[in-house]
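Taking the working numbering, the leading residue of the sequence shown gets 14, the next gets one more, and so forth.
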Amino acid sequence: MTSFVGLRGTTPYLGGFMTSMMLRFCVAGLVALLGMGGAAWAESTEPSYAWQQGPLEAPLGEQATLTLSAGYRFLGPQDTQRLLKEMGNFPSGAELGLVTGGSGDSDWFVVIRFVDAGYVEDEDASSWDADEMLASIKEGTEEANAKRREMGMAPLNIRGWEEKPHYDKATNKVVWAISAEGGQGTTVNYNTLALGRHGYMSMNLVANLAALPTLKPHAANLLANLNFVQGKRYVDFDSTTDKVAAVGLAALVAGAAFKSGLFAKLLVLIIAFKKVILLAGAALIGLVWKLVKGRSSTTPSA
């Protein structure tokens, strides 16, 4: 875990909080990868979860709603957190739902989280320099590569933006994608954020680069259909009473992109399992999800 030192040193605006969160995800993922037993996961039958079939309007706490068309399924917050625990991870309590395909054999899912960071100021979005942000990410990754080599791990090489960061000021939503090569595979992190009055919704996709064209429409569709309720919208911000986030939008994007590099590194550990997709920051639980889905012989009830 010492490989995180270089990353922390190059992102001072995130400091110990982000480092601790990344450590948490990595430890949880390794527990899921190394500690699972096939028989135990086979017993995780889907009917024990209250799946809701689309079309529906799914509430995301008191913050927002997500409109899902036919072909999607949704789990509420309690079931989402219970499923993550069963997969060997440690839910933070910020999880508001999980979305996957409507069929029982879907091999992807999205965990939706609300981060109560406060109002994220977006003034710097009009002037951020994507090339400068990428250079900073590459620099920090190279520092961390020295530790990877010491640990006998292949270095991680940031390829570049697959989609440069862009912010829609009309909808207060952000999208960007960055790819990296590590060991035996090339991965891409497709990030989506929706800004609100008191924080932001996060839905992030980590996938094999070749799978991105197929999976990207799902992430884009979910983002387009996520809307904050009246009173919780970005435009409802009250400067006299509301908390302002410690970092602006540019720092938030750069920090999340940096984190995607770490997750790409971890994907090297599971290339042999040929996992296609991991989402929303729970970097390795997708592997367990695929095993659960593959071994389950039952179909979820609506």
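Cβ atoms here follow ideal geometry from the backbone N, Cα and C, with glycine treated the same way.
Return the Cβ separation of residue i and residue j in integer angstroms, given the expectation that the two are a contact with Cβ distance under 8 Å.
i, j, result
"Asp129", "Gly74", "With a Cβ gap of about 10 Å, Asp129 and Gly74 do not count as contacting."
"Val133", "Leu262", "6 Å"
"Gly131", "Leu169", "Not quite, the Cβ-Cβ distance comes to about 32 Å (not below 8 Å), so this is no contact."
"Leu81", "Leu69", "6 Å"
"Gly106", "Gln66", "With a Cβ gap of about 26 Å, Gly106 and Gln66 do not count as contacting."
Could you tell me which of the options sits nearest to residue i, measuring between CA atoms?
i, options, result
"Ala63", "Leu96, Leu81, Ala83", "Leu96"
"Ala83", "Val257, Ala71, Asp181, Asn102", "Ala71"
"Lys151", "Phe87, Ala193, Gln66", "Ala193"
"Tyr247", "Ser149, Thr78, Lys186", "Lys186"
"Leu236", "Ala77, Glu156, Ile191", "Ala77"
"Leu79", "Ala232, Val266, Thr154, Asp251", "Ala232"
"Trp189", "Asp181, Thr205, Lys182", "Thr205"
"Leu147", "Met164, Glu136, Glu175, Asp135", "Glu175"
"Asp181", "Phe250, Ser105, Glu136", "Glu136"
"Asn240", "Gly67, Ala264, Leu208, Asn102", "Leu208"
"Lys245", "Met214, Pro226, Asn238", "Met214"
Quick one: Cα of residue i to Cα of residue j, how far?
i, j, result
"Ser140", "Glu99", "43 Å"
"Thr93", "Gly110", "6 Å"
"Pro230", "Gln243", "27 Å"
"Thr199", "Arg172", "9 Å"
"Ala258", "Leu228", "31 Å"
"Phe38", "Val112", "Low confidence applies to Phe38: its pLDDT is 36, below 50, so where it sits in the model is not reliable, and the reading given next is rough at best. C-alpha separation (whole angstroms): 20 Å."
"Ala167", "Lys256", "42 Å"
"Ser149", "Thr254", "35 Å"
"Val201", "Ile191", "6 Å"
"Tyr85", "Ala183", "27 Å"
"Asp144", "Asn217", "21 Å"
"Gly153", "Ala267", "11 Å"
"Arg210", "Val260", "15 Å"
"Phe127", "Glu156", "31 Å"
"Glu108", "Pro90", "6 Å"
"Ala138", "Met164", "38 Å"
"Pro104", "Phe122", "16 Å"
"Gly101", "Ala264", "30 Å"
"Ser252", "Ser61", "45 Å"
"Asn234", "Asp142", "27 Å"
"Asn238", "Phe250", "21 Å"
"His179", "Pro226", "18 Å"
"Tyr203", "Lys177", "10 Å"
So, helix, strand or coil for residue i, using DSSP?
i, result
"Tyr180", "strand"
"Gln243", "coil"
"Ser252", "coil"
"Ala317", "Because the chain is modelled from 14 through 315, residue 317 falls outside the range shown and cannot be assessed."
"Gly274", "Below a pLDDT of 50, predicted positions are generally treated as unreliable, and Gly274, at 40, falls in that range; the measurement from the model is reported next regardless. If DSSP states are grouped into helix, strand and coil, Gly274 belongs with the helices."
"Pro72", "strand"
"Glu194", "strand"
"Asn170", "strand"
"Met146", "helix"
"Asp129", "coil"
"Arg161", "helix"
"Glu155", "helix"
"Leu185", "In the sequence as presented, Leu is not what sits at residue 185; that position holds Asn. The answer is coil: DSSP assigns Asn185 none of H, G, I, E or B."
"Asn234", "helix"
"Arg210", "coil"
"Val201", "strand"
"Val260", "coil"
"Glu108", "strand"
"Tyr85", "strand"
"Glu175", "strand"
"Ala63", "coil"
"Ser215", "strand"
Say yes only if the C-beta of residue i is nearer than 8 Å to one or more non-hydrogen atoms of the ligand GTP, and no if none qualify.
i, result
"Thr205", "Annotation note on the ligand GTP: not contained in the displayed structure, which lists no ligands."
Problem set entry | Sufficient close CB pairs (3 or more, under 8 Å) joining the region 208-224 to the region 158-166 | no
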